[in-house]
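Protein chains in written order, with the numbering used here: chain S, 96 to 309; chain E, 284 to 951.
Backbone N, C-alpha and C fix where the C-beta goes; we use that ideal spot for every residue, glycine too.
The block underneath contains the structure these notes are about, expressed in structure tokens.
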Amino acid sequence: MSTHAEAAIVGLTHGGSEDTGLGQRGPASKSIVVPYGFWLFVLSDMVLFSALFATYASLVHATDGGPITNQVFHRDLVAVETIALLVSSFVCGLAMITAKRANMFWTQVWLLVTALLGLVFLYIEISEFAGMIAIGAAPQRSAFLSAFFTLVGCHGLHVTCGLLWIGTMMAQIWAKGFQPHIVRRLLCLSVFWHALDIIWVAIFTIVYLIGTLP
Amino acid sequence: MFGRLTWDAIPFNQPIPLITSLVVIAVLGAVAIWITVNKWWPYLWNEYITSTDHKRIGIMYIVLALVMLVRGFADAIMMRAQQSLAIGQSQGYLPPEHYNQIFSAHGTIMIFFVAMPFVIGFMNFVVPLQLGVRDVAFPTMNNVSFWLTASGVLLVNMSLFLGEFARTGWLAFPPLSEKAFSPGVGVDYYLVALQISGVGTLLTGVNFVTTILKTRAPGMSYMRMPVFCWTALASNLLIIAAFPVLTVTLALLMLDRYLGFHFFTNDGGGNSMLYMNLIWVWGHPEVYILVLPAFGIYSEVVSTFSGKPLFGYRSMVFATLAICILAFTVWLHHFFTMGAGADVNAFFGIASMLIGIPTGVKIYNWLFTMYGGRVRFNVPMYYAIGFMLTFVIGGLTGVLLAIPPVDFIVHNSLFLVAHFHQVIIGGVVFAVMAGYTYWFPKAFGFTLDERLGKAVFWCWFIGFHLAFMPLYVLGFWGATRRMQHIPDPTWAPLLNIALVGAAIIGLGIALTVVQLIYSINTRDQRRDVTGDPWDGRTLEWLTLSPPPHYNFAVLPDVHGEEAYWTRKQTAIKLDKLIDEPNYQPIEMPLNTPVGVICAFFASVCGFAIIWYIWWLAILGLIGAFAIFVWYAWRDEHEHIIPLEEVRENARERRRIRMEHLHELSQST
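Structural data, given as structure tokens:
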């Protein structure tokens with residue numbers, strides 16, 4: 096008998112306690128440890144964004160005679176963008192449900208739709224950026240624009256990384272099926288994707304809504 | 284093709300960096316040849332470079348820190364020599380542009396590549412052992428963290444030979460660090476190296492918080508964790524909360540420098556004080572990231588060598604967490620002179636002083652632990668007592684600096700330099716030296732020579748006080764920090780005393796090397812056969828020295844606050860061990876080259892960004908992504924250590940322990 100099979104019999108392959116309490120019953124299982132660690136990473140990402148929000152808030156009026164918020168933001172465009180991202184989060188949730196049922200076809204479909212909606216979001220963002228640069232509202236113009244492009248661009252960069260991740264996961268599920276460690280990765284991916292939504296809601300409010308008040 | 288990189292980057296006309304780099308390259312080459320001749324590469328590759336074992340990774344961190352300590356110290360002694368020589372008419376031997384690089388490199392290296400790897404190294408080595416588990420939560424990520432740190436080290440040291448280092452001080456304050464005033468590659472080296480190693484540190488933070496909160500031996504409730512684990516938890520929570528801010532701050536400065544943004548520039552609405560705020564929102568917690576684990580080391584040492592449980596365990600835990608939180612409420616005291624107004628300064632002044640309260644609680648706890656104990660004066664205990672004397676003075680000068688009116692007078696003076704060296708050397712360096720001596724037998728199976736260890740301690744202790752006490756006086760006399768030339772000849776005697784002090788510290792560092800070599804050569808006389816050379820109280824002393832890869836054959840069942848001490852006393856009283864448990868095969872993570880390959884691509888990408896070689900930067904990023912996907916595709920995750928091996932090793936360990944405890948049982 097191989098050592099792997101032996102370990103499986105004694106229950107070690109994904110051993111550990113399923114206890115979600117204070118961890119007094121020994122090391123938690125991987126299905127708890129992995130998402131827990133990923134949550135901590137997401138929290139650190141939130142801290143990263145909070146520093147960018149603080150920077151934006153302290154520089155939003157430092158326009159150096161250049162364009163101000165009201166002149167460069169368009170609520171309608173941002174509304175479409177927001178809807179695309181929020182719906183993609185919902186679809187990502189559907190992908191998770193079908194992944195739990197190990198349904199290859201629908202998981203792939205929902206992941207693909209998630210990614211396409213993410214692409215729509217990115218397309219709108221990039222065209223917004225391009226439009227602003229075209230009218231002279233480039234990040235080099237003023238501290239306000241530097242802060243705006245950095246905050247929103249950093250979120251866009253996260254979405255791009257998320258898209259790369261979705262693509263990789265689709266390939267991985269296709270090649271390897273719904274193994275426990277791959278489903279755990281999917282779970283982390285969905286946590287990441289939803290976290291980007293939360294950050295976007297803050298951007299939508301603090302940057303765009305407040306910025307387009309009359 | 285090669286961006287800004289030309290032959291001019293090599294400092295042919297500057298003998299000091301040129302000769303130093305050639306010597307460093309020669310030494311590295313010699314070491315590589317030595318390893319090759321001895322055919323040690325496979326051993327190094329399998330047992331260290333690709334290892335996912337937290338103990339091996341911890342050792343690599345500490346070796347890295349020791350090597351960088353030599354580099355950072357070389358910078359220090361050059362500065363001291365310059366300040367003793369360049370007085371009055373003389374200009375000394377270091378031109379200003381070189382001197383400025385040296386103090387910037389000294390600070391950067393000592394904090395990021397000496398103190399941090401030392402502290403993280405100890406957390407790596409000790410925390411899983413103390414928690415009674417087999418590894419950290421994410422062993423592969425741990426390896427990646429180490430190699431990203433090493434990548435940062437590589438880039439910083441590369442600046443010696445290719446180009447220059449920053450001349451802006453260790454925190455690269457704008458507007459001086461902006462492109463307009465620092466057009467060279469120096470600041471870029473600084474920024475890129477810290478970004479890469481910062482990612483490594485953040486991953487360490489995630490890893491250790493998860494490890495401490497989610498993977499502990501059965502029965503190890505929070506209030507049974509050794510204090511070192513508590514301080515490691517606090518330190519890593521601070522890493523998670525503070526390092527992203529550093530990443531942002533450095534990224535914004537990079538955007539200013541590379542793409543012409545206006546965050547901290549003088550024009551375009553930029554605000555350089557925003558940088559001060561952001562960098563110190565990271566920078567002050569960073570102080571506690573370093574010193575909290577140091578407090579943890581002292582707690583272990585004082586309790587062990589006093590033969591008593593730590594006095595006030597609970598108050599120690601609360602003091603640690605209080606410092607963890609207060610760490611984020613004091614950053615503005617680094618720039619009281621910004622002009623934020625009396626109210627703001629008063630708030631931050633009082634908040635800074637408040638930190639003295641939990642720290643004072645800790646000092647009293649250590650003193651009361653010693654009180655009534657049977658104190659054994661081994662080397663770690665020397666450091667602990669030396670720390671208490673030194674750190675209290677450093678803390679008091681800190682309270683002085685926390686008073687805004689006083690700060691306005693001594694701001695940016697040598698008084699400040701003396702203060703922070705006193706808390707960092709007296710607090711962190713003494714702790715890592717204590718920890719190095721304390722855990723060395725656990726790592727390698729033999730103790731370090733005591734006499735030489737004590738000599739090293741006295742060098743550090745006397746050398747430190749000679750080197751920095753004069754700086755307090757000079758600070759009061761008006762000497763500012765970072766001076767390449769000393770205008771006032773009456774400062775010469777005190778500066779010379781400081782130089783002597785630095786030389787004595789240098790002797791201490793040299794003796795550390797001597798101690799290591801001597802101890803290795805005479806290791807057979809000092810074998811730690813029992814696994815418990817100091818009569819320890821925490822779980823790392825339960826297993827053998829060095830521990831097997833999997834640490835514990837069976838995860839220990841923890842009863843009571845002092846997990847190992849309770850077990851040991853019961854065994855001595857009954858003159859028998861607990862019944863042999865039911866051994867099972869053990870599943871351990873596989874080695875992986877992903878860390879070192881990933882760091883290779885990170886270094887390539889970083890180097891390319893510094894020198895504007897954009898195609899290479901893109902290649903580096905693609906390489907890093909590819910290695911992750913390749914790693915994600917693996918099918919084998921763990922290997923199994925067969926039952927027979929586990930059982931055999933465990934029985935051998937039980938036999939040794941039984942003999943040892945039987946002896947103790949007879950003697951009491």
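Which residue or residues does DSSP assign as beta-bridge partners of residue i?
i	result
T763 (chain E)	E:S696
P466 (chain E)	Its beta-bridge partners do not exist; DSSP assigns none.
P501 (chain E)	S:R120
F729 (chain E)	E:R810
I769 (chain E)	E:I370
H922 (chain E)	E:M871
Determine the contact status of residue i and residue j, defining contact as a CB-CB distance below 8 Å.
i	j	result
I896 (chain E)	G286 (chain E)	yes
F408 (chain E)	K338 (chain E)	yes
F727 (chain E)	P829 (chain E)	yes
N932 (chain E)	N329 (chain E)	no
F547 (chain E)	Y558 (chain E)	yes
V584 (chain E)	Y721 (chain E)	yes
L237 (chain E)	A455 (chain E)	It is not possible to answer for residue 237 (chain E), since the shown part of chain E is limited to 284 through 951.
I861 (chain E)	S948 (chain E)	no
L414 (chain E)	A524 (chain E)	no
L239 (chain S)	H156 (chain S)	A small correction: the amino acid at residue 239 (chain S) is Phe; Leu does not occupy that position in the sequence shown. Cβ distance < 8 Å, so F239 (chain S) and H156 (chain S) count as in contact.
P466 (chain E)	A515 (chain E)	no
S886 (chain E)	L486 (chain E)	no
F429 (chain E)	I340 (chain E)	yes
L731 (chain E)	V797 (chain E)	no
I686 (chain E)	G632 (chain E)	yes
T158 (chain S)	S237 (chain S)	yes
W513 (chain E)	Y581 (chain E)	no
I277 (chain E)	G843 (chain E)	Only positions 284 to 951 of chain E appear in this structure, which leaves residue 277 (chain E) out of reach.
W324 (chain E)	I316 (chain E)	no
S184 (chain S)	H289 (chain S)	yes
Between which two residues does the alpha helix (DSSP H) holding residue i run?
i	result
I788 (chain E)	A775 to N804
Y364 (chain S)	In this structure chain S extends from 96 to 309, so residue 364 (chain S) is not present and cannot be described.
M264 (chain S)	A238 to K271
F660 (chain E)	Per DSSP, F660 (chain E) belongs to no alpha helix (DSSP H) and is neither H nor E.
H389 (chain E)	P379 to T391
Y151 (chain S)	K125 to L154
Q166 (chain S)	T164 to V167
R280 (chain S)	P275 to I298
N425 (chain E)	P422 to M441
T652 (chain E)	G639 to M653
S460 (chain E)	Counting along the chain, S460 (chain E) falls outside any alpha helix (DSSP H), and DSSP gives it neither H nor E.
Between which two residues does the beta strand (DSSP E) harbouring residue i extend?
i	result
E927 (chain E)	Counting along the chain, E927 (chain E) falls outside any beta strand (DSSP E), though it belongs to the alpha helix (DSSP H) covering L926 to S950.
E870 (chain E)	I869 to P872
Hey, out of the options, whose CA is closest to residue i's CA?
i	options	result
T587 (chain E)	E:F631, E:W817, E:A846 and E:E863	E:W817
T821 (chain E)	E:L305, E:V410, E:F295 and E:W290	E:V410
M506 (chain E)	E:G355, E:Y914 and E:V600	E:V600
E928 (chain E)	E:P831, E:W898, E:G552 and E:Q705	E:P831
F243 (chain S)	S:G132, S:I163, S:G188 and S:R120	S:I163
G655 (chain E)	E:S589, E:W324 and E:G709	E:S589
F744 (chain E)	E:L790, E:L699 and E:P772	E:L790
H253 (chain S)	S:V182, S:E220 and S:V302	S:E220
G624 (chain E)	E:F526, E:I302 and E:P688	E:P688
A738 (chain E)	E:G758, E:L754, E:F691 and E:A793	E:A793
A701 (chain E)	E:V658, E:G669, E:G758 and E:K859	E:G758
Q267 (chain S)	E:L926, E:T498, E:A915 and E:M716	E:A915
G272 (chain S)	S:G262, S:T150, S:V128 and S:M199	S:M199
D291 (chain E)	E:Y331, E:L445, E:V531 and E:V314	E:L445
T805 (chain E)	E:H748, E:A313 and E:F729	E:F729
Exercise. Looking at chain S, which residues of the region 496–520 of chain E have a Cβ within less than 8 Å of any of its Cβ atoms?
Worked result: L496, K497, T498, R499, A500, P501, G502, M503, S504 and Y505
Problem set entry | Contact residues within the region 889–906 of chain E, judged by C-beta distance below 8 Å to chain S | none
Problem set entry | the region 867–879 of chain E: positions lying closer than 7 Å to chain S by Cβ | Q867, P868 and E870
Exercise. Any residues in the region 402–422 of chain E with a beta carbon nearer than 8 Å to a beta carbon of chain S? Which ones, in chain order?
Worked result: V416, A420 and F421
Exercise. According to a CB-to-CB cut-off of less than 7 Å, which residues of the region 550–574 of chain E neighbour chain S?
Worked result: G551, G552, G553, N554, L557 and L561
Exercise. At a Cβ cut of 9 Å, what residues of the region 147–161 of chain S count as close to chain E, listed as they run along the chain?
Worked result: L147, A149, T150, S153, L154, H156, A157, T158, D159, G160 and G161
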